[in-house]
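Residue numbers (my numbering): 28 to 120. All C-beta atoms in this analysis are idealised placements derived from N, C-alpha and C, irrespective of residue type, glycine included.
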């Protein structure tokens, strides 16, 4: 895990990502009708947010699942996982 963290830090350093940039707030509606806001429901509560975007039938996307499990185990309740699944069954198109 330390190697992965080091590699990510180096990659972010190469692209000169600014830590001061503020993420834009957004609200999403869940399948059960609830709405969640990035700031109100996660960041304002002191949680670290990991946005995970992937297609349901994508093998490489599913292969990342253990990495996110490791993050959750390391950060515990201090992490707010937000997952966006891209799935459009034929009957909905």
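Asked, Found
"Buried or exposed (CB count within 10 angstroms, at least 16 for buried), residue 120", "Because residue 120 carries a pLDDT of 47, less than 50, the predicted location of this residue cannot be relied on, and the following value inherits that uncertainty. Residue 120 is exposed by the Cβ-count criterion."
"Residue 70 versus 95, 54, 59, residue with shortest Cα-Cα distance", "54"
"Limits of the unbroken alpha helix (DSSP H) element including residue 65", "65–68"
"Coarse secondary structure for residue 29, derived from DSSP in three states", "helix"
"Sequence-distant residues of the same chain with beta carbon closer than 6 Å to residue 65, five excluded per side", "52, 53"
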